[in-house]
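Note sheet for the following structure.
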Amino acid sequence: MLSYQKHSSPPILEPFIVCYYDLAYTHGETQIIQSPPSGYSAIIFNLGDPYAVRTAAEKDFQTLPDCILAGQQTKNYRIRLSGAVRQVGIVFKPTAIFTLFDFSMRTVVNKRISLDALLGDQAGVLYTSLKAAMDVAERLDILNRYFATRVDGYEKRVNVADMAAELILKNTGNITVERLMEELCVSRRHLERKFLEKTGLTPKQYCRIVRMAPISNQVAHASRVDWQDMVFQGGFHDQNHFIKDFKALNDLSPARYLQEHEELTRLLEKKKE
Amino acid sequence: MNETKTQQQEATSVLQRKGTCIEFFSAYQEMDLERMLNLCTPESIVYFEPLDQTGTGRVHELGKNIWTALMECFPDLDNTVTSLEWIEAQHAVKCRVSIFGTQRKDFAGIPEHGLRFDSEHIFIFKFDDQALVTELRVLWDHDKFVQQLTPADL
Numbered sequence: 214m215l216s217y218q219k220h221s222s223p224p225i226l227e228p229f230i231v232c233y234y235d236l237a238y239t240h241g242e243t244q245i246i247q248s249p250p251s252g253y254s255a256i257i258f259n260l261g262d263p264y265a266v267r268t269a270a271e272k273d274f275q276t277l278p279d280c281i282l283a284g285q286q287t288k289n290y291r292i293r294l295s296g297a298v299r300q301v302g303i304v305f306k307p308t309a310i311f312t313l314f315d316f317s318m319r320t321v322v323n324k325r326i327s328l329d330a331l332l333g334d335q336a337g338v339l340y341t342s343l344k345a346a347m348d349v350a351e352r353l354d355i356l357n358r359y360f361a362t363r364v365d366g367y368e369k370r371v372n373v374a375d376m377a378a379e380l381i382l383k384n385t386g387n388i389t390v391e392r393l394m395e396e397l398c399v400s401r402r403h404l405e406r407k408f409l410e411k412t413g414l415t416p417k418q419y420c421r422i423v424r425m426a427p428i429s430n431q432v433a434h435a436s437r438v439d440w441q442d443m444v445f446q447g448g449f450h451d452q453n454h455f456i457k458d459f460k461a462l463n464d465l466s467p468a469r470y471l472q473e474h475e476e477l478t479r480l481l482e483k484k485k486e
Numbered sequence: 195m196n197e198t199k200t201q202q203q204e205a206t207s208v209l210q211r212k213g214t215c216i217e218f219f220s221a222y223q224e225m226d227l228e229r230m231l232n233l234c235t236p237e238s239i240v241y242f243e244p245l246d247q248t249g250t251g252r253v254h255e256l257g258k259n260i261w262t263a264l265m266e267c268f269p270d271l272d273n274t275v276t277s278l279e280w281i282e283a284q285h286a287v288k289c290r291v292s293i294f295g296t297q298r299k300d301f302a303g304i305p306e307h308g309l310r311f312d313s314e315h316i317f318i319f320k321f322d323d324q325a326l327v328t329e330l331r332v333l334w335d336h337d338k339f340v341q342q343l344t345p346a347d348l
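Residue numbers (the numbering used here), protein chains in the order written: chain A, 214 to 486; chain B, 195 to 348.
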């Protein structure tokens, strides 16, 4: 059985953390899940059996370390779950890792790296505490207490990239770089440099991801889709642009993507019965 | 009743903070640096964002130096506040301001050519309970600023 539950963060962490999540997969049979780029980065602790991920650039699945930092994804990727997987994840706002940890995300795009690179020895300490915790509430408490210690002095690392990311998310990616420059009174050079340092992406790349993420999600959870509505909702000029961007991010045409997800949904529903 | 009172207090405090901003730009317009600085706490920090690390420091030191230099090099320096907005999530006031002036002395490595700049700025102010500024973030298009002060044939 696959279960996924989201939990909110306390107000002090709201500017940085989108949510915590708890993912449990306990069926034992191998399951491959496709995931579109979400526009967020994450820290993930795996407290159960190992699991593997394959990005569009990789031929084979790679088994991941127990504690990872996942950077921005620019393409659809596949997660292979088997045995008893138990993940605790922290989903961060696009600029938050840099703001909290002074860690540039440029080298983490489309990658998952060991959390030691970000947290040093603290990664192992946190992992041990999370593994020993009795329940989800205790795990959340451990994480809340840890991240609250990182908030001090964050203002020094706030910059135009935070404001740009906020505007992009608010406009669901339907905003041009020119408009961002105008809204924020900064030059293209400064905006792109800061945004790249904080997220690993250019504002234009990020807009494309944010624009497509809700559409990919909607397609993944629908049994039938009004494509014209999707084109309109995403603010695309026409269907050709929509298909081109969809393929660029998901490596599949919208129709094929829908079909693959229908198969997965059917499989999950069958198991529930 | 209590809720209404709290809402009223909040509204008053937002107005007070916006008032501080207006007074800051009024003092800036009159080139009254002392009055500008008196609206900021002694420990207040300023971030002149396009200048990166060199643009971060105390309002009473770095801010004072930069504004002094600006006033000396652009003797007709002036500003127009075009909008003031309270940002609840950040407990801050965001001001959009046009700043303009004619260069009469070399400024921050930019040689004087007698040219005029007119630049949109964003000032984001944060405050203490007395509506004094504790943090100020300033954004502008520095490339455009330099371009305006540089003759086209250079």
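The beta-carbon is built from N, C-alpha and C at its ideal position, and this holds for glycine as well.
Below 6 Å CB to CB, which residues in the same chain sit around residue i once its five sequence neighbours on both sides are set aside?
i: Val-349/A; result: Asp-235
i: Gly-302/A; result: Tyr-234, Ala-255 and Ile-257
i: Lys-484/A; result: Low confidence applies here, because Lys-484/A scores a pLDDT of 49, under 50, leaving its location unreliable and the question unanswered by this model.
i: Pro-244/B; result: His-336
i: Gln-300/A; result: Leu-236, Ile-257 and Asn-259
i: Trp-334/B; result: Ser-313 and His-315
i: Lys-320/B; result: Ala-286, Thr-328 and Glu-329
i: Gln-342/B; result: Phe-311
i: Arg-363/A; result: Leu-313
i: Ser-295/A; result: Thr-243
i: Ser-216/A; result: Ala-237
i: Ser-342/A; result: Ile-355
i: Arg-293/A; result: Ile-245, Ala-265 and Phe-274
i: His-434/A; result: none
i: Arg-267/A; result: Phe-274 and Arg-291
Kindly indicate the opening and closing residues of the alpha helix (DSSP H) around residue i.
i: Lys-272/A; result: Lys-272/A -> no alpha helix (DSSP H), and no H or E assigned at all.
i: Tyr-253/A; result: Note, Tyr-253/A: premise wrong, no alpha helix (DSSP H); not H, not E.
i: Leu-282/A; result: Where Leu-282/A is concerned, there is no enclosing alpha helix (DSSP H), although the beta strand (DSSP E) it sits in stretches over 280 to 283.
i: Tyr-359/A; result: 349 to 361
i: Met-230/B; result: 227 to 232
i: Ala-377/A; result: 373 to 383
Assuming residue i contacts residue j under a Cβ cut-off of 8 Å, what Cβ separation, rounded to an integer in Å, is found between them?
i: Asp-262/A; j: Val-298/A; result: 6 Å
i: Thr-312/A; j: Arg-370/A; result: 5 Å
i: Cys-215/B; j: Val-287/B; result: 5 Å
i: Leu-330/B; j: Val-208/B; result: Actually they are not in contact, since the Cβ atoms of Leu-330/B and Val-208/B sit about 17 Å apart, beyond 8 Å.
i: Met-214/A; j: Thr-239/A; result: 6 Å
i: Arg-319/A; j: Leu-409/A; result: 6 Å
i: Asn-323/A; j: Gln-286/A; result: 6 Å
i: Ser-327/A; j: Pro-278/A; result: 5 Å
i: Thr-235/B; j: Asp-323/B; result: Contact doesn't hold; Cβ gap of about 11 Å is too wide.
Could you spell out the range, first to last residue, of the beta strand (DSSP E) harbouring residue i?
i: Leu-294/A; result: 290 to 305
i: Glu-329/B; result: 327 to 334
i: Leu-215/A; result: 215 to 220
Who are the Cβ neighbours of residue i in its own chain at under 8 Å, not counting the five residues just before and after it?
i: Ser-466/A; result: Ile-456, Phe-459 and Lys-460
i: Val-291/B; result: Phe-219, Asn-273, Thr-274, Val-275, Thr-276, Glu-314, His-315, Ile-316 and Phe-317
i: Leu-227/B; result: Ala-221, Lys-258, Trp-261, Thr-262 and Met-265
i: Val-423/A; result: Gly-252, Ile-381, Leu-382, Thr-385 and Gly-386
i: Gln-210/B; result: Ala-325
i: Ile-304/B; result: Gln-297, Val-340, Leu-343 and Thr-344
i: Ser-397/A; result: In the sequence under discussion, the amino acid at residue 397/A is Leu, which differs from the Ser named in the question. Only Val-373, Met-376, Ala-377, Leu-380 and Leu-404 meet the Cβ criterion.
i: Leu-256/B; result: Val-240, Phe-242, Gly-249 and Thr-250
i: Gly-366/A; result: none
For residue i, collect the residues of the same chain with a Cβ closer than 7 Å to its Cβ; drop the 5 residues on either side in sequence, then sort them by chain order.
i: Asn-372/A; result: Lys-407
i: Cys-420/A; result: Ile-381, Gly-386 and Ile-388
i: Val-353/A; result: Note on identity: in this sequence residue 353/A is Leu, with Val being the wrong assignment. Once the five neighbours on either side are set aside, the close Cβ partners of Leu-353/A are His-220 and Tyr-233.
i: Arg-229/B; result: Ala-221
i: Ser-317/A; result: Phe-311 and Glu-410
i: Gln-418/A; result: Thr-287
**OP:** Return the chain-ordered ranges of every beta strand (DSSP E) run that is complete within the stretch 307 to 338 of chain A and spans a minimum of 3 residues.
**Re:** Unbroken beta strand (DSSP E) stretches of 3 residues or longer found wholly inside the stretch 307 to 338 of chain A: 325 to 327, given in chain order.
Subject >> Residue ranges of each alpha helix (DSSP H) within the stretch 237 to 325 of chain B, 4 or longer >> reply: 258 to 267
**OP:** Could I get the ranges of all uninterrupted alpha helix (DSSP H) runs contained in the stretch 396 to 459 of chain A, with 4 residues as the minimum, in chain order?
**Re:** 401 to 412, 416 to 433 and 440 to 446
Original post:
Does the stretch 276 to 283 of chain A come within contact of the stretch 322 to 338 of chain A, defined as at least 3 CB pairs closer than 8 Å?
Top reply: Yes, since at least three Cβ pairs between the stretch 276 to 283 of chain A and the stretch 322 to 338 of chain A fall closer than 8 Å, the two stretches touch.
**OP:** State whether the stretch 443 to 451 of chain A contacts the stretch 415 to 429 of chain A, with contact taken as three or more CB pairs (one from each stretch) at a distance under 8 Å.
**Re:** yes
Original post:
Any contact of the stretch 305 to 319 of chain A with the stretch 237 to 253 of chain A, i.e. 3+ C-beta pairs under 8 Å?
Top reply: yes
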